[in-house]
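Heads up: the structure comes next, in structure tokens.
Number of protein chains: 2
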Amino acid sequence: MIQALILDRNCSQCPIRHRAVCATCDDEEILALDKIKFYRTFEAGQPIMWSGDRMEFVGSVVSGTATIERLMEDGRKQTMGLLLPSDFIGRPGRNTAVFDVTAVTDVTLCCFRRESFEKMVAETPHISQRMLEMALDELDAARDWMLLLGRKTAREKIATFLMMVARRTSIDDTVATRFELPLTREAMADFLGLTIETVSRNFSALRKDKLIVLEDKRGVSIPDIDALQAEAGSDAP
Amino acid sequence: MIQALILDRNCSQCPIRHRAVCATCDDEEILALDKIKFYRTFEAGQPIMWSGDRMEFVGSVVSGTATIERLMEDGRKQTMGLLLPSDFIGRPGRNTAVFDVTAVTDVTLCCFRRESFEKMVAETPHISQRMLEMALDELDAARDWMLLLGRKTAREKIATFLMMVARRTSIDDTVATRFELPLTREAMADFLGLTIETVSRNFSALRKDKLIVLEDKRGVSIPDIDALQAEAGSDAP
DNA sequence: CGTCAGGTTGATTAGGATCAACACAGGTGG
DNA sequence: CCACCTGTGTTGATCCTAATCAACCTGACG
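Chain order of the listed sequences is A and B. Just so you know, this note's numbering puts 140 at position 139 of the first sequence, and the rest follows in order with no gaps. Just so you know, this note's numbering puts 8 at position 7 of the second sequence, and the rest follows in order with no gaps.
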């Protein structure tokens, strides 16, 4: 029924209208997008896009969480990014995907056939400029993550991840002090370049040190944000 | 005198004219860029941009090599990317830099005052679309590197790096079998998330295993590209 | 000739991976 | 209702890769 709620909405009532790729579109442009958009839903655990496959559509996450990841032949896996509501999936100007995208929770996407969207991008400066802005933001985020993967300790990685979730969870620009983890231990391990055991051990250690409180497997609250931030390692911003 | 050669050139003779941010500009647009561009040179080792500083200009690498990097307070450093000729430096739409950019060799840049360039981006679809294309390419490259940093062994990291340089060195789309390393051992270590000793040891090991031939400290030749590729770890593309 | 930056190699340590056992909740089916 | 299974998470013991600490080499340069 949540699906139905979303699927019935037109763009003006869309929950991601002002943050997604269409954020800066005017009424006329929105109308054009409205005509060619379609919704798709994916169940938790299902693949949304396979590396190497033809990319038939692109689109925005409306609800749920997905991951961008890549698998090595021997099974090693690295998650390159979290896709939360308003994030964009797919790459106009390329016809096969280079990464896997997987639904972590149930996911609803607002999709466009890739060719139609490429045409819109080419003809609508508001969209190409917004795409550019979002791509540059993601590039900065990817580079931040490279510092984490290359140089941070396991404990710093976990603390950084928790801070990231706390920041992304809050609606305004504060930091949430209580939230649900969007990922399993395994998915966190793949995101942080660790094993599941190391993730688990460091959660336990942070709890023992009173830096976090684990309400259950997923619920976390943070008694002292600054203390946790200090554990995340000191890179500038 | 090489500088002079470059500095005297107008855009039509520019060595990066067809790969840089201006690649898809028409004659009129190039003329507009030509009017507001200026060249700057940086000596090897000099900073081009400091994280946190106001970003006065953006621009393209015309010649030389630079790195994008970030330093942690305790001195740990991670390099996020190599900037080779035609790569773009800086981020329109943001007024302070978030990463350090450092000249590795002597570097010549084709610069634009940030405000003027932002105006051009807003008014010139050819530029914003090219910027988007380049940003998406860099994003893919950054994500590939995340797999390397998070999951590859030291030996795989070195082999992957060598393959990357071999690929980027060749002019056409083949792979060079002989090239000069653009980075010192230390800079490679910072790029690969390793220490200088581990880099050195793995170079020695690859040489002992006849996978590479070290002509001197910088010159490398690769007797069997496929064998080296196999050492790089098997991720899809 | 001394110094210094860049590089190599060896010995030792440590952080995280691996292997293994177990805990616990939520289904599912008899 | 309970026995069983499965997916998820925790904890312990051990191993191994790469970090750390240290010595030394080489060539460039004042």
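Ideal Cβ placement from N, Cα and C applies to all residues, glycine included.
*Rounded to the nearest angstrom, how far is the Cβ of Thr103 of chain A from that of Ile49 of chain A, given a contact under 8 Å?*
Taking the first residue of the first sequence as position 1, residue 103 of chain A is located at position 102. Taking the first residue of the first sequence as position 1, residue 49 of chain A is located at position 48. Confirmed, Cβ separation roughly 6 Å.
*By Cβ distance, which residues of its chain are closer than 7 Å to Gln4 of chain A, with the 5 residues on each side in sequence left out?*
Within the first sequence, residue 4 of chain A is the residue found at index 3, counting from 1. Residue placement at Gln4 of chain A is flagged as unreliable, the pLDDT there being 47, under the threshold of 50; a coordinate-derived value is accordingly withheld.
*Report the rounded CA-to-CA distance for Ala155 of chain A versus Asn203 of chain A, giving the unit in angstroms.*
Numbered from 1 along the first sequence, position 154 holds the residue referred to as residue 155 of chain A. Numbered from 1 along the first sequence, position 202 holds the residue referred to as residue 203 of chain A. Distance between the alpha carbons of Ala155 of chain A and Asn203 of chain A is about 7 Å.
*Proximity below 8 Å, CB of Gly194 of chain B to CB of Leu148 of chain B*: The count along the second sequence starts at 1 and reaches residue 194 of chain B at position 193. The count along the second sequence starts at 1 and reaches residue 148 of chain B at position 147. No, the Cβ-Cβ distance between Gly194 of chain B and Leu148 of chain B is not below 8 Å.
*Name, in chain order, the residues that DSSP records as bridge partners for Thr170 of chain A.*
Taking the first residue of the first sequence as 1, we reach residue 170 of chain A at position 169. Partner(s): none; Thr170 of chain A has no beta bridge.
*Arg95 of chain B, DSSP secondary structure in three states*: To locate residue 95 of chain B, count along the second sequence from 1; it is residue 94. Arg95 of chain B: coil per DSSP, three-state reduction.
*asked:* Tell me which residue opens and which closes the beta strand (DSSP E) that Ser61 of chain A is part of.
replied: Looking up residue 61 of chain A in the first sequence gives position 60. Here the beta strand (DSSP E) through Ser61 of chain A covers Phe58 to Ser64.
*Where Cys26 of chain A sits in the DSSP three-state scheme*: The residue given as residue 26 of chain A occupies position 25 in the first sequence. Coil at Cys26 of chain A, not helix or strand.
_With DSSP as the reference, identify every bridge partner of Ile37 of chain B, one or two as the case may be._
Taking the second sequence and counting its residues from 1, the one referred to as residue 37 of chain B is at position 36. Paired residues: none, contrary to the question.
*Applying a beta-carbon distance threshold of less than 7 Å, which residues of chain B neighbour Arg168 of chain A?*
Residue numbering aside, residue 168 of chain A sits at position 167 when the first sequence is read from its first letter. Within 7 Å Cβ-Cβ: nothing; Arg168 of chain A doesn't reach chain B, min ~16 Å.
*Using CA coordinates, which residue listed in B:Ile213, B:Pro86 and B:Met189 is at the minimum distance from Arg169 of chain B?*
Translated into positions along the second sequence, residue 169 of chain B becomes position 168. Among B:Ile213, B:Pro86 and B:Met189, the Cα nearest to that of Arg169 of chain B is on B:Pro86.
*Of all the CB atoms in chain B, is at least one closer than 8 Å to the CB of Trp146 of chain A?*
Position 145 of the first sequence, counted from the start, is the residue given in the question as residue 146 of chain A. Trp146 of chain A counts as touching chain B.
*Should Gly234 of chain B go down as buried or exposed, given a rule of 16 or more other Cβ atoms within 10 Å for buried?*
Start at 1 with the first residue of the second sequence, and residue 234 of chain B comes out as number 233. With 16 or more Cβ atoms within 10 Å of its Cβ, Gly234 of chain B is classed as buried.
*Element boundaries [alpha helix (DSSP H), containing Ser129 of chain B]*: Locating residue 129 of chain B in the second sequence gives position 128, counting from the first residue. Where Ser129 of chain B is concerned, the enclosing alpha helix (DSSP H) stretches over Pro126 to Arg152.
_Beta-carbon neighbours of Phe100 of chain B, restricted to chain A and to distances below 7 Å_ = As a working mapping, residue 100 of chain B is identified with position 99 in the second sequence. Within 7 Å Cβ-Cβ: Arg144.
_CB contact below 8 Å: Gly194 of chain A versus chain B_ = By 1-based counting over the first sequence, the position of residue 194 of chain A is 193. Answer yes: the Cβ-Cβ gap between Gly194 of chain A and chain B drops below 8 Å somewhere.
*Partner residues on chain A for Gly76 of chain B, Cβ-Cβ distance less than 7 Å*: Residue 76 of chain B sits at position 75 when you count from the first residue of the second sequence. Here the premise fails: no neighbours, minimum Cβ distance about 10 Å.
*Please report the Cβ distance between Ala160 of chain A and Glu232 of chain A, rounded to the nearest whole angstrom; I am assuming they are in contact, meaning their Cβ atoms lie under 8 Å.*
Numbered from 1 along the first sequence, position 159 holds the residue referred to as residue 160 of chain A. Numbered from 1 along the first sequence, position 231 holds the residue referred to as residue 232 of chain A. Indeed, because the Cβ distance is near 4 Å, the residues count as touching under 8 Å.
*In terms of alpha-carbon separation, which member of B:Ala136, B:Arg208, B:Glu187 and B:Gly82 lies closest to Ala228 of chain B?*
As a working note, residue 228 of chain B is residue 227 in the second sequence. If we check each option's Cα against that of Ala228 of chain B, B:Arg208 comes out closest.
*Would you please verify whether the beta carbon of Ala21 of chain A is less than 8 Å from any beta carbon of chain B?*
Reading the first sequence from its first residue, position 20 is the one you call residue 21 of chain A. It does not; no Cβ of chain B falls within 8 Å.
_With H, G and I counted as helix, E and B as strand and the rest as coil, what does DSSP make of Cys12 of chain B?_
Taking the second sequence and counting its residues from 1, one reaches residue 12 of chain B at position 11. Reduced to three states, the DSSP call for Cys12 of chain B is helix.
*Asp75 of chain A by DSSP, collapsed to three states: which one?*
Locating residue 75 of chain A in the first sequence gives position 74, where the first residue counts as 1. Residue state, collapsed to three classes: coil.
*Flag this pair as yes or no: are the beta carbons of Gly131 of chain B and Val62 of chain B separated by less than 8 Å?*
Walking along the second sequence from the start, residue 131 of chain B turns up at place 130. Walking along the second sequence from the start, residue 62 of chain B turns up at place 61. According to the sequence shown, residue 131 of chain B is Arg rather than Gly. Not in contact: Arg131 of chain B and Val62 of chain B (Cβ atoms no closer than 8 Å).
*Look at the alpha carbon of Leu6 of chain A and the alpha carbon of Ala24 of chain B, and state the distance between them as a whole number of angstroms.*
To locate residue 6 of chain A, count along the first sequence from 1; it is residue 5. To locate residue 24 of chain B, count along the second sequence from 1; it is residue 23. For Leu6 of chain A, the predicted model reports a pLDDT of 48, less than 50, meaning its position is unreliable and no value from the coordinates is stated.
*asked:* Can you check which of these residues, A:Glu57, A:Ser205 and A:Ser52, is closest to Arg186 of chain A by C-alpha distance?
replied: To locate residue 186 of chain A, count along the first sequence from 1; it is residue 185. The shortest Cα separation from Arg186 of chain A among A:Glu57, A:Ser205 and A:Ser52 belongs to A:Ser205.
_Could you tell me the alpha carbon to alpha carbon distance between Cys111 of chain B and Tyr40 of chain B, rounded to whole angstroms?_
If you number the second sequence from 1, residue 111 of chain B lands on position 110. If you number the second sequence from 1, residue 40 of chain B lands on position 39. Rounded to the nearest angstrom, the two C-alpha atoms are 5 Å apart.
*asked:* Counting only Cβ pairs nearer than 8 Å, list the residues of chain A close to Ala136 of chain B.
replied: Sequence index remark: in the second sequence, residue 136 of chain B carries index 135 (1-based). The answer, in chain order, is Leu133, Ala136, Leu137 and Leu140.
*Under 8 Å between the Cβ atoms of Thr68 of chain B and Thr80 of chain B?*
Here residue 68 of chain B is taken as the residue at index 67 of the second sequence, counted from 1. Here residue 80 of chain B is taken as the residue at index 79 of the second sequence, counted from 1. Yes, the pair counts as a contact, with Cβ atoms nearer than the cut-off.
*CA-CA distance, Val176 of chain B and Ile226 of chain B?*
Taking the first residue of the second sequence as 1, we reach residue 176 of chain B at position 175. Taking the first residue of the second sequence as 1, we reach residue 226 of chain B at position 225. Each residue's Cα considered, the two are about 8 Å apart.
*Just how far apart, CA to CA, sit Ile128 of chain A and Asp141 of chain A?*
As a first step, residue 128 of chain A must be located in the first sequence, where it is residue number 127. As a first step, residue 141 of chain A must be located in the first sequence, where it is residue number 140. So the two alpha carbons sit approximately 20 Å from each other.
*Just the C-alpha distance for Met2 of chain B and Ala143 of chain A, rounded to the nearest angstrom, thanks.*
As a position in the second sequence, residue 2 of chain B is number 1, starting the count at 1. As a position in the first sequence, residue 143 of chain A is number 142, starting the count at 1. Note that Met2 of chain B has pLDDT 44, beneath the 50 cutoff, so the model's placement of it is unreliable and the number below is only indicative. The alpha-carbon atoms of Met2 of chain B and Ala143 of chain A are separated by roughly 39 Å.
*In chain order, what residues of the same chain lie with their CB nearer than 7 Å to the CB of Gly60 of chain B, ignoring the 5 residues before and after it?*
Mapped onto the second sequence, residue 60 of chain B falls at position 59. Excluding sequence neighbours, Gly60 of chain B sits near Ile90, Gly91, Leu110, Cys111, Cys112 and Phe113.
*Comparing the C-beta of Gly234 of chain A with each C-beta of chain B, is any distance below 8 Å?*
As a working note, residue 234 of chain A is residue 233 in the first sequence. Cβ-Cβ to chain B under 8 Å: yes for Gly234 of chain A.
*Helix, strand or coil for Ala104 of chain A, going by three-state DSSP, please let me know.*
Taking the first sequence and counting its residues from 1, the one referred to as residue 104 of chain A is at position 103. Strand at Ala104 of chain A.
_Tell me which residue opens and which closes the alpha helix (DSSP H) that Glu198 of chain B is part of._
To locate residue 198 of chain B, count along the second sequence from 1; it is residue 197. It spans Ile197 to Lys209 - the alpha helix (DSSP H) in which Glu198 of chain B sits, taken as one unbroken run.
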